[in-house]
Each structure stands twice: as structure tokens, then as C-alpha cells.
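There are 2 protein chains.
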Amino acid sequence: MINKLISKIKATGAPIVVGLDPQLSFLPPKLLERAFSEQGETLEAAADAIYAFNEGIVQAVADLVPAVKPQIAMYEQYGIPGLIAYKKTIDLCHEKGLVVIGDVKRGDIGSTSGSYAAAHLGTVKVGEKEYAPFDEDFATVNPYLGTDGVKPFVDVCSSHDKGIFVLVKTSNPSSGEFQDREISGRPLYELVGEKVREWGEASVDASGWSNVGAVVGATYPEQGKVLRKLLPKNFILVPGYGAQGGKGSDLVHFFDEDGLGAIVNSSRGIIAAWKQEAYASYGAEGYADAARAAVLAMKEDLAQALNR
Amino acid sequence: MINKLISKIKATGAPIVVGLDPQLSFLPPKLLERAFSEQGETLEAAADAIYAFNEGIVQAVADLVPAVKPQIAMYEQYGIPGLIAYKKTIDLCHEKGLVVIGDVKRGDIGSTSGSYAAAHLGTVKVGEKEYAPFDEDFATVNPYLGTDGVKPFVDVCSSHDKGIFVLVKTSNPSSGEFQDREISGRPLYELVGEKVREWGEASVDASGWSNVGAVVGATYPEQGKVLRKLLPKNFILVPGYGAQGGKGSDLVHFFDEDGLGAIVNSSRGIIAAWKQEAYASYGAEGYADAARAAVLAMKEDLAQALNR
Numbered sequence: 001m002i003n004k005l006i007s008k009i010k011a012t013g014a015p016i017v018v019g020l021d022p023q024l025s026f027l028p029p030k031l032l033e034r035a036f037s038e039q040g041e042t043l044e045a046a047a048d049a050i051y052a053f054n055e056g057i058v059q060a061v062a063d064l065v066p067a068v069k070p071q072i073a074m075y076e077q078y079g080i081p082g083l084i085a086y087k088k089t090i091d092l093c094h095e096k097g098l099v100v101i102g103d104v105k106r107g108d109i110g111s112t113s114g115s116y117a118a119a120h121l122g123t124v125k126v127g128e129k130e131y132a133p134f135d136e137d138f139a140t141v142n143p144y145l146g147t148d149g150v151k152p153f154v155d156v157c158s159s160h161d162k163g164i165f166v167l168v169k170t171s172n173p174s175s176g177e178f179q180d181r182e183i184s185g186r187p188l189y190e191l192v193g194e195k196v197r198e199w200g201e202a203s204v205d206a207s208g209w210s211n212v213g214a215v216v217g218a219t220y221p222e223q224g225k226v227l228r229k230l231l232p233k234n235f236i237l238v239p240g241y242g243a244q245g246g247k248g249s250d251l252v253h254f255f256d257e258d259g260l261g262a263i264v265n266s267s268r269g270i271i272a273a274w275k276q277e278a279y280a281s282y283g284a285e286g287y288a289d290a291a292r293a294a295v296l297a298m299k300e301d302l303a304q305a306l307n308r
Numbered sequence: 309m310i311n312k313l314i315s316k317i318k319a320t321g322a323p324i325v326v327g328l329d330p331q332l333s334f335l336p337p338k339l340l341e342r343a344f345s346e347q348g349e350t351l352e353a354a355a356d357a358i359y360a361f362n363e364g365i366v367q368a369v370a371d372l373v374p375a376v377k378p379q380i381a382m383y384e385q386y387g388i389p390g391l392i393a394y395k396k397t398i399d400l401c402h403e404k405g406l407v408v409i410g411d412v413k414r415g416d417i418g419s420t421s422g423s424y425a426a427a428h429l430g431t432v433k434v435g436e437k438e439y440a441p442f443d444e445d446f447a448t449v450n451p452y453l454g455t456d457g458v459k460p461f462v463d464v465c466s467s468h469d470k471g472i473f474v475l476v477k478t479s480n481p482s483s484g485e486f487q488d489r490e491i492s493g494r495p496l497y498e499l500v501g502e503k504v505r506e507w508g509e510a511s512v513d514a515s516g517w518s519n520v521g522a523v524v525g526a527t528y529p530e531q532g533k534v535l536r537k538l539l540p541k542n543f544i545l546v547p548g549y550g551a552q553g554g555k556g557s558d559l560v561h562f563f564d565e566d567g568l569g570a571i572v573n574s575s576r577g578i579i580a581a582w583k584q585e586a587y588a589s590y591g592a593e594g595y596a597d598a599a600r601a602a603v604l605a606m607k608e609d610l611a612q613a614l615n616r
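Going down the list, the protein sequences come from chains A and B.
Going by the numbering used here, the residue at position 289 of the first sequence is 289; the numbering climbs one at a time, nothing skipped.
So the numbering used here is basically just the index in the second sequence, starting at one, shifted up by 308.
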């Protein structure tokens, strides 16, 4: 699966993931009002409005970027209707040819991780039939439980041609609380990074890149530099660009000499661009065009940083 | 919420959680066949059969135990229909007066953790209306992202009278890979344990016990002993009894001198008891009665261990 992502990055010239993390406040008021007038102020209405919002975004950016990353928490908070919108969003993105990274951050003990891996990347058997319940292309995985919690995901990467990104150094302010703690003179995130390399050796694509990657926040460029070296054949998914403070110039060291090896996520910086001063002229109704403009600006920012 | 759990533990005399982690192979064949004949070999049929199975178990054990712990991965693997069965199971258990611990192991950066906390413990606003999408009483939480990932859950514990159990030392074989690594001479799980104590101070119930507890596997009794001392006012949720190898005698040190402070989970040891030699005489159709007998045996095992 990493090969598919790489070829799409090359085709678009944009190592960019659009984070589909909709909040109701990101939606044009009219879109929400329409859903409420049809279905009342219900979870179903919220979910339908979110899906309609996503449709606009996906339509506007599908030719520009290789991948999207829906954050399942934003859908799960609207219960079953929200999760239906999550699944419909995945299907829509696949129709548009986009790689879908499910930001699910699952992780459990072995057999239970196997169920999560089946839910999101693999298949589940019901009698003689087999189903792919959510069917993302990649999923994010939490490493706290160690190898036996991650291995079922790696197995599915190999058996179903999928990929994962394991949390190594997250973008949030308190990520250092545990992740930076020194163990035999090296921070925990480096040990996790080493394990990612080891786990990844079990699922390598034809390009030599592994289907097992790492999540490293744009807000920690120095750590990104270290991890890029530690993980020469593992892609890095980089959240935290834009709204969380990461800039294009911070991101150079997440990439290798060929300009590969990383893919940068922006969520609200793109999908809620119309609410920023720079894109205010698009207005609420032009939210999708504003998102397209924000992707083009991000592409330019990254290209400039990588060309320097 | 911890007070409610404590009073139910005292009323039943059983510090036991029944893990509702159904696999299709645990179901009496006839139950599954009936679902398949009505709906075909579909995700809907699997989910309905699982719910019907849970109904039997819950009916049989509701008067014996304070709490149940559905493992969401076992439902999520059947997609949307599976998650509907998860939600119906929560509602059923609430009708029967049981405390529901959602074993969801969620955790993300701050704002996103807030969405998970709303999904599982809190409420979400849609226009002027407010909904509690999944509405468990407790949820399990992954600490790898640090304080800002956990705090939104703690906030909801206080605002909505709920509780959480944070993964500290998990029951699986490779849990030590990161959790046991030494940081300034102490294992990571102790540092996480200290944070649990600190986080828990923000949400203390009238009994003096915190709504923020820890997950410590029955398979690691020595670590349980250390963490019991480190966490004098935080409950410990103890998975790994039975099928994973933990015994009653291993569990003594998870409890305090009053026999409080811990609640022990058993999943397949109870819900799939009918498949064990000891309960084979119940037969497949007697799976619920076998589960009841297994709960009574576990209660006796724990009581003997605690009285020694």
C-alpha cells in the first residue's frame, strides 16, 4: 500500500494529507440549517451535514492531493449516525481515487488488536462470507502495549496490502511527558521508533519502503530529524502543520534527500480555511473553494521549503 | 461514579467485572444458525446474534456482579451493525442496573480526546439539543500522549459523574517492552501510575476514591503490589484473570486492607464457560447458566484469596 501512496505523491507533487476532522462550527451555517430543518437537531442531522460538508471538500481537493485522513473521533462523537458518516466518507474518498488514512489510534492486547485490525484494514468472516467493515487503506496505531498489540496490524498490512502509522512522537504539547523520558540515555520515542523499523521489516513494499510508518508531529522538527535517520525506509505521517503551529520550514528534515519519506497533514487549516482571514473572501458558501486554495498554498509552502 | 461502583461491589460481595467480549465461536451454534437463516451470513446477522448472546449472559449474571466491560473492538470488527449491538448492550446493562465499563482504550491529542470523551462518557451538542452517544459509565484510556490527551476525559468524569481507567501496566506478554523500561531508576509504568494519581486528584468522589483509576494486568502481581501502594485512592481494573493466566491468589495485592480498591475482569472464562471441560455438562444451550456458575466459582476463588 505504501507504493500506492508514493506513486500518488509523485503524481500530485504534493506530500499532503487533508485531515477530514469536521466540527459543526466549520460547516457553512446554511448547510447545517438545511439538515436541521429536514431532520431536527438530531445526531442524524449532524452526521448528514458533516458528510455533505466532506463531499464538498473532497470534490474540491481530490485532484490535488494523494490522501485524506478522517479522524474517527470527530464522527464517533455523533454516535452510530456519526460512524455511518465516517464509513460513507471513506467510500466517497475511494471513489475519488484517494488513499484513506483512518486516524483511529487503536491498540490493545494481541487478540483484541486483531479485531481492530480486521475492522479497519482487514476482513472479518461471517459464516462463509467475508467483509471489510471500514476498509481504510492505512490506520494509525498506538504502541503503548508493545509488539503483541501492534503485530496483528502488521500482519494485516501484509495479507491485505494495507499500511499503518504508529504513534512515535505526537504533536501535542504534553507529548514529551512520557515520550521524551530518557531510557538508557535515549528518549522513549527513539525506542518506539526502533521498534517501528523492526516491525516494518515484516511488511516491505516493492519500492523498498515499509507499509509500517511512524507518526511524528510537525511541532517537533528536531525529533523529526533524528527519526528520519532512524527510519530510512519508513514513511513519517506528520500532523500539526498549520493550526497547531508547524511551518513548512520545520518540515524539511522529515523528508529524505529525494523529497520522499513524509506526508504532512493539515486539517482545519484546509477544511476550515473559509473561517480564516486569508480566505474570508470565499464566504461560507465557498468553503470548498477556500479549501482548494489552502491546499495550493500549502503545496507551495512545502515545495519552497523542500527546494531550499 | 466510583462510589456507585463501590456500593455495588459491597452489595454483591463480588469485585468482579464480566467482560462482554463475544466471539462468534463462543455462541451456541443454534443461535448463530437462527440469525443466519433470518438475515443471511451478514454483518447484521453476526451483530444480532452477538446481542442475543449478550442478553442471555446479562440476564444470568446481573444479580451477581456490579459491572460489565464490553470490549468495543469485538463489536467494531462487525462494522456499523456491530457498533449498534455495542450500544444496545450498554443500554441493556443499564436497564439491569449494571455499571458499564467501555473498554475502548481511546486517547488522542487534547481536542480530539475531548471528542472521544464526549462520545463515550459525556454529551455532544447538536443545535440546542444534547446527546450522550454511547453513554458508558467508565471508559479505558491510553496514556501515551500525556496529560493533554487524558485531561478531557478527567474533565468529563467531573462534569458528568463518570470514571476512567488509564492503562498503566497491561496484561499482555509484551507489555514490558515499553512499560517496564527504566527511567531514572523506575519503570515507565510507575511514572504513568504517578500521573494517574495526579490526574485523579481533579475528580474525587464523596468516598475519597478518585473517579480516575488504573488498568494493571492480573498477570503482573508484583507490579500490582507496587501500584496499589502508589495509588492509595485510585481503583485498579485488573484484566487477565482466568484465560490469560491470572489466579485468585495473584490478586490479593491489588486490593487494600479493606478488600477494596480493585475490580477483576474475566471475559471468556465466564462468557465462554460452556466450552470449558468444567462446565461442559451445561451444553451449548445452557451457556448462560454456565456463565452464572463460572461467576460463582470466580467469586469463591476471590473470596478465598482475600480471606487468607
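Think of the CB as a built atom: it goes at the ideal place given N, C-alpha and C, for glycine as much as any other residue.
Just so we're clear, the structure is a prediction, and the values are computed from it rather than from any experiment.
By the criterion of Cβ-Cβ separation under 7 angstroms, what are the contact partners of Ala46 of chain A in chain B?
-> Val434
Where the alpha helix (DSSP H) containing Ser421 of chain B begins and where it ends | 418-428
Measure the alpha-carbon distance for Ile101 of chain A versus Lys607 of chain B and round it to whole angstroms.
-> Those two C-alpha atoms are separated by around 45 angstroms.
Can you list the residues of chain A that Tyr386 of chain B reaches, using a CB-CB cut of under 7 angstroms?
-> Val124, Pro133
Compare the beta carbon distance of Ala526 of chain B and Pro495 of chain B with 8 angstroms and say whether it is the shorter of the two.
-> no
If you count every other CB in all the chains shown that lies within 10 Å of the CB of Glu198 of chain A, and 16 or more means buried, which is it?
-> exposed
Cutoff 8 angstroms; reference Gly110 of chain A; Cβ partners in own chain excluding five residues on either side = Asp148, Gly149, Lys151, Pro152
Using CA coordinates, which residue listed in B:Pro441, B:Asp463, B:Val476, B:Gly567 is at the minimum distance from Pro451 of chain B?
-> The shortest CA-to-CA distance from Pro451 of chain B to any of B:Pro441, B:Asp463, B:Val476, B:Gly567 is the one to B:Val476.
Contact residues within the region 168-187 of chain A, judged by C-beta distance below 8 angstroms to chain B = Thr170, Ser171, Asn172, Pro173, Ser174, Ser175, Gly176, Glu177, Phe178, Gln179, Arg181, Glu182, Ile183, Ser184
Whose C-beta lies closer than 8 angstroms to the C-beta of Glu593 of chain B among residues of the same chain, with five residues either side of it excluded?
-> Pro336, Lys338
Complete alpha helix (DSSP H) runs within the region 234-286 of chain A (minimum length 4 residues, chain order) | 268-271
Check whether the Cβ atoms of Val325 of chain B and Val603 of chain B lie closer than 8 angstroms to each other.
-> no
Closest Cα partner of Pro441 of chain B within the set A:His120, A:Ala47, A:Leu145 | Ranking the options by Cα distance to Pro441 of chain B, first place goes to A:Ala47.
Where does Gly13 of chain A land, buried or exposed, given buried means 16+ other C-beta within 10 angstroms?
-> exposed
Skipping 5 residues on each side, what residues in its chain have a beta carbon closer than 7 angstroms to that of Ile72 of chain A?
-> Closer than 7 angstroms at the Cβ level, and outside the excluded window around Ile72 of chain A, lie Tyr86, Gly102, Asp103, Val104.
How about the region 488-503 of chain B and the region 170-188 of chain A: do they share at least three Cβ pairs that are nearer than 8 angstroms?
-> yes
My guess is that Leu406 of chain B and His468 of chain B are in contact by the Cβ rule of under 8 angstroms, so how many angstroms apart are they, rounded?
-> Contact annotation, Leu406 of chain B with His468 of chain B: C-beta distance approximately 18 angstroms; criterion of less than 8 angstroms not satisfied.
The region 439-472 of chain B: which residues have C-beta closer than 8 angstroms to a C-beta of chain A, in chain order?
-> Tyr439, Pro441, Phe442, Asn450, Pro451, Tyr452, Leu453, Gly454, Thr455, Asp456, Gly457
Starting from the beta carbon of Glu506 of chain B, find every residue of chain A whose beta carbon is closer than 8 angstroms, and list them in chain order.
-> Result: empty, since nearest Cβ-Cβ is about 11 angstroms, beyond 8 angstroms.
Can you name the residues of chain A whose CB is closer than 9 angstroms to the CB of Gln379 of chain B?
-> Asp108, Thr112, Ser115
Tell whether a beta-carbon distance below 8 angstroms holds between Ile236 of chain A and Ala202 of chain A.
-> no
Examine chain A for any beta-carbon lying closer than 8 angstroms to the beta-carbon of Ala427 of chain B, and answer yes or no.
-> yes
Residues of the region 346-373 of chain B with Cβ closer than 7 angstroms to any Cβ of chain A, in chain order = The residues in question are Glu349, Thr350, Leu351, Ala353, Ala354.
Can you list the alpha helix (DSSP H) stretches of 4 or more residues lying completely in the region 170-195 of chain A, in chain order?
-> 176-179
At 8 angstroms on the CB atoms, spell out the chain A contacts of Ile578 of chain B, in chain order.
-> Chain A residues near Ile578 of chain B: none, gap ~16 angstroms exceeds 8 angstroms.
What whole-angstrom Cβ distance do Lys88 of chain A and Tyr51 of chain A have, given they're in contact under 8 angstroms?
-> Between Lys88 of chain A and Tyr51 of chain A the beta-carbon gap is near 5 angstroms, inside 8 angstroms, which marks them as a contact.
Please report the Cβ distance between Ser210 of chain A and Lys225 of chain A, rounded to the nearest whole angstrom; I am assuming they are in contact, meaning their Cβ atoms lie under 8 angstroms.
-> Going by Cβ atoms, the distance from Ser210 of chain A to Lys225 of chain A rounds to 19 angstroms, so no, they are not a contact pair.
Per-residue burial, Asn307 of chain A [other beta carbons within 10 Å of its own, 16 or more giving buried] | exposed
Counting contacts by CB-CB distance shorter than 8 angstroms, is Lys338 of chain B in contact with chain A?
-> no
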